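Going from the sequence shown to our numbering is simple: count from 1 and add 269.
Built from N, CA and C at the ideal position, the CB exists for glycine as well.
For clarity, every value in this text was computed on a predicted model and none was experimentally measured.
Structure first, commentary second.
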Amino acid sequence: MKRCYFLVCLLLLGLSVGAQKYAPKVKPADPPKPYGPVPTAAQVAWQRMEMNMFCHFGPNTFTGLEWGEGTEAEDIFNPTALDCNQWVTVAKNAGFQGVILTAKHHDGFCLWPNPMSAHTVRESAWCNGKGDVLKELSEACKKGGVKFGIYISPWDRNAPTYGTPEYNKVFLKTLQSAHRHYGPIFEQWFDGANGEGPNGKKQVYDWKRFNAQTKRLQPNAVIFSDVGPGCRWVGNEEGTCGRTWRLDVEGREPGANAPSQDTLNAGNYNGACWIPAETDVSIRPGWFWRDSEHPKSVQELLKIYYNSVGRNSLLLLNVPPDSRGLIPAEDSLRLVEFRAALDSIFAHDLVTEAADAKRFFGICASNVRNSDHESCRCWDNIPAYMRDRENHCRSFRYCPAHLIGDNYDTYWATDDTVTTAWVELQFYEPQTFNRVMLQEYIPLGQRVEKFHIEIEDENGNWRTIAEETTIGYKRIVLTETVTTKKVRVVIDQSRACIVLNRIGLFMDNILEDL
Ligand code: FUL
Numbered sequence: 270m271k272r273c274y275f276l277v278c279l280l281l282l283g284l285s286v287g288a289q290k291y292a293p294k295v296k297p298a299d300p301p302k303p304y305g306p307v308p309t310a311a312q313v314a315w316q317r318m319e320m321n322m323f324c325h326f327g328p329n330t331f332t333g334l335e336w337g338e339g340t341e342a343e344d345i346f347n348p349t350a351l352d353c354n355q356w357v358t359v360a361k362n363a364g365f366q367g368v369i370l371t372a373k374h375h376d377g378f379c380l381w382p383n384p385m386s387a388h389t390v391r392e393s394a395w396c397n398g399k400g401d402v403l404k405e406l407s408e409a410c411k412k413g414g415v416k417f418g419i420y421i422s423p424w425d426r427n428a429p430t431y432g433t434p435e436y437n438k439v440f441l442k443t444l445q446s447a448h449r450h451y452g453p454i455f456e457q458w459f460d461g462a463n464g465e466g467p468n469g470k471k472q473v474y475d476w477k478r479f480n481a482q483t484k485r486l487q488p489n490a491v492i493f494s495d496v497g498p499g500c501r502w503v504g505n506e507e508g509t510c511g512r513t514w515r516l517d518v519e520g521r522e523p524g525a526n527a528p529s530q531d532t533l534n535a536g537n538y539n540g541a542c543w544i545p546a547e548t549d550v551s552i553r554p555g556w557f558w559r560d561s562e563h564p565k566s567v568q569e570l571l572k573i574y575y576n577s578v579g580r581n582s583l584l585l586l587n588v589p590p591d592s593r594g595l596i597p598a599e600d601s602l603r604l605v606e607f608r609a610a611l612d613s614i615f616a617h618d619l620v621t622e623a624a625d626a627k628r629f630f631g632i633c634a635s636n637v638r639n640s641d642h643e644s645c646r647c648w649d650n651i652p653a654y655m656r657d658r659e660n661h662c663r664s665f666r667y668c669p670a671h672l673i674g675d676n677y678d679t680y681w682a683t684d685d686t687v688t689t690a691w692v693e694l695q696f697y698e699p700q701t702f703n704r705v706m707l708q709e710y711i712p713l714g715q716r717v718e719k720f721h722i723e724i725e726d727e728n729g730n731w732r733t734i735a736e737e738t739t740i741g742y743k744r745i746v747l748t749e750t751v752t753t754k755k756v757r758v759v760i761d762q763s764r765a766c767i768v769l770n771r772i773g774l775f776m777d778n779i780l781e782d783l
């Protein structure tokens with residue numbers, strides 16, 4: 270009995286010592302309040318996908334047109350060796366998280382047997398009219414563990430009712446047929462192009478109902494259009510996003526009534542809605558496959574990556590299947606090379622590697638939320654932090670050490686009144702890099718509007734290597750190649766207290782010349 274009592278005492282003592290070790294001397298401050306409009310959980314999940322694959326496929330694949338007339342005979346669509354599992358394998362090898370298919374492009378031809386149309390795979394000779402590309406791809410995505418999305422063009426050059434109010438009903442039922450049978454979908458892509466229909470008329474689209482019904486049938490789908498509501502067009506098809514903010518869409522619609530392309534590219538500084546930019550661009554000159562065209566080089570793809578994912582946008586890269594119904598070998602090889610290039614750069618975060626290698630390495634910030642919580646403002650025992658991260662995260666919720674690695678939901682935050690601050694990385698050995706990755710914790714909004722990066726040279730002088738504006742979900746700053754033991758990120762202006770969750774340093778040996 271005595272022994273038992275003694276053991277219980279020992280246990281309690283151990284527990285209280287363990288707790289004290291990590292208990293902060295003061296209560297952690299309240300988390301920062303969200304600033305401005307913030308993303309929904311689905312938008313955060315969408316943005317974290319970073320790279321998805323677009324597939325333009327349909328009659329144009331066989332005619333060489335970019336915009337089909339809508340009068341093409343259905344038999345034109347006749348892939349000889351369609352294999353959606355191959356598309357998914359290509360997507361996965363490249364690191365795409367989702368695939369979006371043009372289920373109906375402007376020519377109106379439906380890649381599934383849409384009961385609202387007489388211009389579909391059902392009317393074609395392919396598989397004796399029994400084929401269904403939407404079904405094959407949605408199943409291949411499920412099997413392969415990638416997400417599935419659908420592009421359906423509202424503009425329809427085949428539908429007899431196009432240009433009349435009746436067409437909106439046909440379109441709603443068309444959406445319904447796709448959304449009911451092939452979900453779940455992570456993104457619904459509405460093209461803003463609105464040309465003439467077969468009767469020479471333009472359509473007045475009922476966007477409100479298109480969006481409402483999509484939300485009802487596919488509640489987790491992020492809706493793309495020129496003006497969202499889930500995500501927006503980036504304003505060009507070259508793969509370049511601006512230094513971007515949220516967007517104002519009051520009174521706006523996709524198509525002719527959308528904000529200017531420049532506005533879509535950079536957003537509105539005081540925009541009322543969280544509608545991030547999606548950068549859609551093709552790996553080839555055209556959106557549809559053509560025998561005479563070839564994929565872009567790895568260098569070009571890397572540039573696109575930096576100008577999209579590296580600028581707070583999501584990259585939707587179009588990789589068109591050919592007339593066999595397969596992604597050509599040259600595109601799939603190029604994507605493997607692209608992936609290898611990305612891995613050679615981003616699989617080696619010098620910050621995380623220095624911390625993991627148990628090298629003496631420190632991180633220090635000019636301010637940390639709840640500033641009397643000094644013990645974590647400057648931290649030089651990073652290996653100990655990495656070993657016992659969970660406990661540290663509980664006790665020191667806003668310390669700068671949370672900037673290390675890709676633990677998404679932990680972050681460095683400053684006091685509410687502090688909108689200018691720096692954070693410094695100190696290495697034991699000189700580090701050579703030319704890419705600096707920063708991330709804001711967007712579930713709490715986008716805040717930073719001006720920052721610069723400094724390094725300490727061998728004489729102990731600080732030198733600015735980059736001056737920039739916004740960060741958002743992810744910012745990859747391209748710098749000259751530098752070697753240093755100390756790097757400082759200085760936030761010069763933020764619209765509310767600073768909330769960052771990542772600093773990474775990388776070396777790109779492929780695209781060194783900027
Ligand atoms: C545009 C369309 O007109 C192109 O054909 C392509 O589908 C591109 C993604 O969107 O608006």
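Residue i: CB within 7 Å of a non-hydrogen atom of the ligand FUL
{"i": "Trp336", "result": "yes"}
{"i": "Phe556", "result": "Inspection of the sequence shows that residue 556 is occupied by Trp rather than by Phe. Yes, Cβ of Trp556 sits closer than 7 Å to a heavy atom of the ligand FUL."}
{"i": "Ala462", "result": "yes"}
{"i": "Val549", "result": "It should be noted that the sequence gives Asp, not Val, for residue 549. Under cutoff, so the answer is yes."}
{"i": "His374", "result": "yes"}
{"i": "His388", "result": "no"}
{"i": "His325", "result": "yes"}
Cα-Cα separation, residue i to residue j
{"i": "Ile772", "j": "Ile673", "result": "6 Å"}
{"i": "Arg656", "j": "Ser664", "result": "15 Å"}
{"i": "Asn537", "j": "Tyr304", "result": "15 Å"}
{"i": "Tyr474", "j": "Asn437", "result": "6 Å"}
{"i": "Pro382", "j": "Asp401", "result": "7 Å"}
{"i": "Ala360", "j": "Pro597", "result": "13 Å"}
{"i": "Glu338", "j": "Phe378", "result": "10 Å"}
{"i": "Thr358", "j": "Gly364", "result": "10 Å"}
{"i": "Phe696", "j": "Glu725", "result": "11 Å"}
{"i": "Ser731", "j": "Asn576", "result": "In the sequence as displayed, the identity of residue 731 is Trp instead of Ser. Each residue's alpha carbon lies about 28 Å from the other."}
{"i": "Thr430", "j": "Phe440", "result": "10 Å"}
{"i": "Cys353", "j": "Cys510", "result": "30 Å"}
{"i": "Glu435", "j": "Asp684", "result": "57 Å"}
{"i": "His388", "j": "Ile454", "result": "24 Å"}
{"i": "Ala535", "j": "Asp495", "result": "13 Å"}
{"i": "Glu506", "j": "Asn587", "result": "11 Å"}
Proximal residues to residue i (C-beta, below 7 Å), its chain only, five neighbours per side dropped
{"i": "Thr483", "result": "Leu444, His448, Gln457, Ala490, Ile492"}
{"i": "Gly741", "result": "Thr513, Asn581, Glu709, Ile711, Gln715"}
{"i": "Val768", "result": "Pro301, Tyr680, Ala682, Glu709, Tyr710, Leu713, Arg716"}
{"i": "Glu749", "result": "Asn703, Ile734"}
{"i": "Gly508", "result": "Thr548, Val550, Ile573, Asn576, Ser577"}
Residues near residue i in its chain [Cβ-Cβ closer than 6 Å; skip 5 each side]
{"i": "Val692", "result": "Ala634, Pro669, Val758"}
{"i": "Gly594", "result": "Pro348, Ala350, Leu351"}
{"i": "Gln762", "result": "Glu718, Lys719"}
{"i": "Thr752", "result": "Pro699, Thr701"}
{"i": "Ile722", "result": "Val705, Ile734, Ala735, Val758"}
{"i": "His374", "result": "Gly327, Ser422"}
{"i": "Asn329", "result": "Gly337, Phe557"}
{"i": "His661", "result": "Tyr654"}
{"i": "Leu370", "result": "Cys324, Leu406"}
{"i": "Asp460", "result": "Ser422"}
{"i": "Ser393", "result": "Glu343, Asp344, Phe346"}
Cβ shell of residue i (< 8 Å), same chain only, five flanking positions each side left out
{"i": "Ile779", "result": "Val567, Gln568, Leu571, Ala610, Ser613, Ile614"}
{"i": "Gly774", "result": "Correcting the residue type first, residue 774 is Leu in the shown sequence and not Gly. Hits under 8 Å: Asp618, Leu619, Val620, Leu694, Gln700, Phe702, Arg704, Val705, Met706, Val756."}
{"i": "Gln366", "result": "Met318, Glu319, Met320, Asn321, Val415, Lys416"}
{"i": "Cys542", "result": "Pro306, Gly497, Pro498, Arg515, Leu516, Asp517, Val518"}
{"i": "His450", "result": "Trp381, Leu403, Lys404"}
{"i": "Asn362", "result": "Ser601, Leu604, Val605, Arg608"}
{"i": "Gln289", "result": "Per-residue confidence for Gln289 stands at a pLDDT of 38, beneath the threshold of 50, marking its modelled position as unreliable; no derived number is given."}
Element boundaries [alpha helix (DSSP H), containing residue i]
{"i": "Trp315", "result": "310-318"}
{"i": "Val620", "result": "619-625"}
{"i": "Gly413", "result": "402-413"}
{"i": "Thr686", "result": "It is not in any alpha helix (DSSP H) - Thr686 carries neither H nor E in the DSSP assignment."}
{"i": "His450", "result": "434-450"}
{"i": "Trp476", "result": "476-486"}
Delimiting residues of the beta strand (DSSP E) encompassing residue i
{"i": "Ile421", "result": "416-421"}
{"i": "Thr358", "result": "Not the beta strand (DSSP E): Thr358 falls in the alpha helix (DSSP H), residues 353-363."}
{"i": "Ser386", "result": "No beta strand (DSSP E) holds Ser386; DSSP gives it neither H nor E."}
{"i": "Arg744", "result": "744-763"}
{"i": "Arg732", "result": "731-737"}
Distance cut-off 7 Å: residue i Cβ against heavy atoms of the ligand ADP
{"i": "Val687", "result": "Ligands in the displayed structure: the ligand FUL; the ligand ADP is not one of them."}
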